[in-house]
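Below: one structure, written as structure tokens.
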Amino acid sequence: MNTVAIIQARLGSNRLPMKSLLCLRGRALIDWVVQRVCSAQTLDRVVVACPQTPRDAVLAAHLRRQGIEVVEGSEIDVLDRFLVAARSVNADRIVRVCADNPFIWGEAIDRLVRFYEAGSHDYCYNHIPRENLWPDGLGAEILSRELLEDMGRRATEPSQREHCLNYIWDNRAQFDIATFDPEEEWLRRPDVKLDIDTADDFCRLAQLPVDVHDDAKAIIAAVNAACNRAE
183 MNTVAIIQAR LGSNRLPMKS LLCLRGRALI DWVVQRVCSA QTLDRVVVAC
233 PQTPRDAVLA AHLRRQGIEV VEGSEIDVLD RFLVAARSVN ADRIVRVCAD
283 NPFIWGEAID RLVRFYEAGS HDYCYNHIPR ENLWPDGLGA EILSRELLED
333 MGRRATEPSQ REHCLNYIWD NRAQFDIATF DPEEEWLRRP DVKLDIDTAD
383 DFCRLAQLPV DVHDDAKAII AAVNAACNRA E
């Protein structure tokens, strides 16, 4: 089975334009994401799926200079962009990663892949605290190429094309969706938000004294220390 992480990235975010190239403690945000995803042991390949636009050509060039594999596709039809990326690398299983999760943890990806492998679920996730106790922004989502291809044929609503896995949630009764809790008590923190949607999110996370090599325990400790200082 060829397990591929596809990182969804663009520079045209409405709430925080150009965020993938914002400098977070000396590195571009996208560099944090790519490096930390590449630390996962269960992945065979890592690809960044970018829109094919003049603006996003800057992002694609930045990544290619570092030897990162980039696949370009539709800016609006993100589901089709994911399909193009999955087909280009002949992925059997796709791990979807959002480029606004700079603290994504390779071990969280590995736990997700193993959880998926151990069951017979259609779709599994641990990137958001929805029916689980994970922090927001440490994990990912996983599904089969077969399901992604089926969604490509069935998804017709604009929201299901722009948000590429919305079709699953819109039709959740048709799918076996599963998640799980972290093993460690200190990691059971659904109150912690580690993704970057706005300028305030970026400023908050940019002040944490963390390094790109830090594991989840160090990151949660930094968050706890920041909260204690705020009090």
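The opening residue of the sequence shown carries number 183 in this note's numbering; numbering runs sequentially from there. Virtual Cβ for every residue (Gly too), placed ideally from N, Cα, C.
Nearest Cα to residue 195 within the set 380, 401, 265, 409: 380. Around the CB of residue 333, 16 or more other CB atoms lie within 10 Å, so the residue is classed as buried. Between residue 394 and residue 209 the beta-carbon gap is near 6 Å, inside 8 Å, which marks them as a contact. Straight through space, the alpha carbons of residue 192 and residue 357 are spaced by roughly 29 Å. Three or more beta-carbon pairs separated by less than 8 Å are not found between the stretch 286-294 and the stretch 235-243, which leaves the two stretches without contact.
Residue 349 sits away from residue 324, with the two beta carbons spaced by 7 Å or more.
Put simply, the backbone Cα of residue 254 is about 5 Å away from that of residue 233. Closest in C-alpha terms to residue 204, from the list 300, 396, 282, comes 282.
Secondary structure at residue 217: helix, using DSSP grouped into helix, strand and coil.
Checking the DSSP bridge columns, you'll see residue 194 has no partner listed. Nearest to residue 266 by C-alpha distance, out of 368, 188, 352, 398, is 188. In this structure residue 317 is buried. Its beta-carbon is surrounded by 16 or more other beta-carbon atoms within 10 angstroms. Secondary structure of residue 199 (DSSP, three-state): coil.
Boundaries of the alpha helix (DSSP H) around residue 291: 288-300.
With contacts defined by Cβ atoms closer than 7 Å, residue 275 and residue 185 form a contacting pair.
Each residue's CA atom was taken as its position, placing residue 217 and residue 314 some 26 Å apart. Distance from the CA atom of residue 345 to the CA atom of residue 224, rounded to whole angstroms, is 25 Å. Going by DSSP, residue 229 is part of the beta strand (DSSP E) stretching over 227-233. Cα atoms of residue 403 and residue 371: separation of roughly 11 Å, rounded to the nearest angstrom.
Straight through space, the alpha carbons of residue 262 and residue 340 are spaced by roughly 12 Å.
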